[in-house]
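First residue of the sequence shown? That's 84 in our numbering, and the numbers climb one at a time after it. Data first, discussion second: the structure below is written as structure tokens.
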Amino acid sequence: MSQQTRSGGAGLERSCRTDGEAWIASEGPVGGVERFRAWLGREAYDKHRHDTYAIGLTDRGVQVFDYRGAERVSLPGQVVVLHPDERHDGRAGTRDGFGYRIVYVEPVRIAEALRSLADHTRPLPFVRESVARHAALARAVRRAFASPLDELAADALVAEIAQGLLAGEGAAPVAPRLDAAAVERARQLLDAERTRPVRSRELEAASGLSRYELARQFRLALGTSPHRYLLMRRLDTAREAMHRGRPLAEVADEVGFADQAHFTRVFKAASGLTPGRYRALRARSE
């Protein structure tokens, strides 16, 4: 297809997660971010273009695409950076097919993040190496798929990708500066409101920082993002309720998860155990 598209798969659902059959899965957009995963064999993408940045990570196989007048090849662990409105296609480099993860980010979100982080307006970054082992961007993509996508997670991801794009462009890194009082105000809000989703604008009002600057400073001060910090505090509260013998479905509802299945996925991702298994093992020590 030659028309401009918003992303690689808005509204598309995965069909079958086996290497023998092609599948795609997408989520979002949330906060200007969309996540997309795919496994492709003989299928190929025709020429198309997005109006977003596309930051991808090849997971398996060989990914081949034509971009800016040349054929590009991406191997497992390599990052693919596609800039807005640039035509490209996509196909497998071998008969074995290939799998990848990719994050689509609206350019306006990148511009906002850079303006906040650098304290001035600057052109959007352009990474000349469209395929490389961009360490910062690889970490950002992996982190993007490590937890549910919500507003706070999207804010942290945009800030991280903006910094990664600057590094890939070869620009001087943004000098770190820390407003410890602002971070502490945000942390206190997250502690107080741990049983519900907290919106970015609430953290902006409490801290006095933009969402992107707060995401960067929060990680500098506390080693994690506001999204992750809130998630872990919700799980702390959930464990306390579980220790009191509350039913898991009630615990999930009390700490703001959509349902018990959602709670189970997040709990296991954080602890390596399902809530039921955690409770059973803990009971043995009492």
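Backbone N, C-alpha and C define an ideal beta-carbon position, used for all residues, glycine too.
At least 3 beta-carbon pairs within less than 8 angstroms: the stretch 139-152 vs the stretch 172-184: yes
Coil, strand or helix - residue 347 by DSSP: Residue numbering aside, residue 347 sits at position 264 when the sequence shown is read from its first letter. DSSP places residue 347 in helix when its eight states are reduced to three.
Nonlocal neighbours in the same chain, by C-beta distance under 8 angstroms from residue 312, ignoring five residues either side: By 1-based counting over the sequence shown, the position of residue 312 is 229. Counting only Cβ-Cβ distances below 8 angstroms, and skipping sequence neighbours, we find 270, 273, 301 and 305.
Residue 314 classed as buried or exposed, judged by whether at least 16 other C-beta atoms fall within 10 angstroms: Indexing the sequence shown from 1 puts residue 314 at position 231. By the 10 Å Cβ count, residue 314 comes out buried.
Those residues which DSSP pairs with residue 109 across a bridge: Indexing the sequence shown from 1 puts residue 109 at position 26. In DSSP, residue 109 forms a bridge with 119.
Residue from 366, 217 and 355 whose Cα sits closest to the Cα of residue 250: Indexing the sequence shown from 1 puts residue 250 at position 167. The residue with the shortest Cα to Cα distance from residue 250 is 217.
Cutoff 7 angstroms; reference residue 282; Cβ partners in own chain excluding five residues on either side: Position 199 of the sequence shown, counted from the start, is the residue given in the question as residue 282. Taken in chain order, the residues that qualify are 234.
Residue 237 versus 106, 104, 105 and 110, residue with shortest Cα-Cα distance: Start at 1 with the first residue of the sequence shown, and residue 237 comes out as number 154. Out of 106, 104, 105 and 110, 110 has the C-alpha closest to the C-alpha of residue 237.
Residue span of the alpha helix (DSSP H) that contains residue 270, given as start and end: Numbered from its first residue, the sequence shown carries residue 270 at position 187. Note, residue 270: alpha helix (DSSP H), 263-275.
Distance CB(residue 252)-CB(residue 190) smaller than 7 angstroms: In the sequence shown, counting from the first residue as 1, residue 252 sits at position 169. In the sequence shown, counting from the first residue as 1, residue 190 sits at position 107. Cβ atoms of residue 252 and residue 190: not closer than 7 angstroms.
Sheet register partners of residue 165 (DSSP bridge): For this step, residue 165 is matched to residue 82 along the sequence shown. Paired residues: 137.
Chain-order list of residues whose beta-carbon lies under 7 angstroms from that of residue 166 (same chain, five-residue window excluded): Within the sequence shown, numbered from 1, the residue matching residue 166 stands at position 83. Around residue 166: 136 and 209.
Option nearest residue 107 by Cα separation, candidates 120, 346 and 205: Residue numbering aside, residue 107 sits at position 24 when the sequence shown is read from its first letter. Considering only alpha carbons, the answer is 120.
Touching by the beta-carbon criterion (3+ pairs, under 8 angstroms), the stretch 147-157 and the stretch 171-179: A contact exists between the stretch 147-157 and the stretch 171-179.
Cβ contact check for the stretch 353-365 and the stretch 317-327: 3 or more pairs under 8 angstroms: yes
Integer-rounded CB distance, given that residue 299 should sit under 8 angstroms from residue 242: Taking the first residue of the sequence shown as position 1, residue 242 is located at position 159. Taking the first residue of the sequence shown as position 1, residue 299 is located at position 216. That belief holds up - the Cβ atoms of residue 242 and residue 299 are roughly 5 angstroms apart, short of 8 angstroms.
Given residue 213 as reference, the closest of 352, 179, 248 and 198 once Cα atoms are compared: Indexing the sequence shown from 1 puts residue 213 at position 130. Cα-wise, what sits closest to residue 213 is 248.
Beta carbon of residue 232 nearer than 7 angstroms to that of residue 113: Here the question's residue 232 lines up with position 149 in the sequence shown. Here the question's residue 113 lines up with position 30 in the sequence shown. For residue 232 and residue 113, yes; Cβs fall inside 7 angstroms.
Cut-off 8 angstroms between Cβ atoms - residues of its own chain near residue 159, not counting five sequence neighbours on either side: Working through the sequence shown from its first residue, we reach residue 159 at position 76. The residues are 141, 142, 143 and 144.
Nearest-angstrom Cα separation, counted from residue 246 out to residue 260: Position 177 of the sequence shown, counting from 1, holds the residue named residue 260. Position 163 of the sequence shown, counting from 1, holds the residue named residue 246. Cα to Cα, residue 260 sits roughly 14 angstroms from residue 246.
Residues sharing a beta bridge with residue 146, DSSP: If you number the sequence shown from 1, residue 146 lands on position 63. According to DSSP, which records beta bridges pairwise, residue 146 is partnered with 157 and 175.
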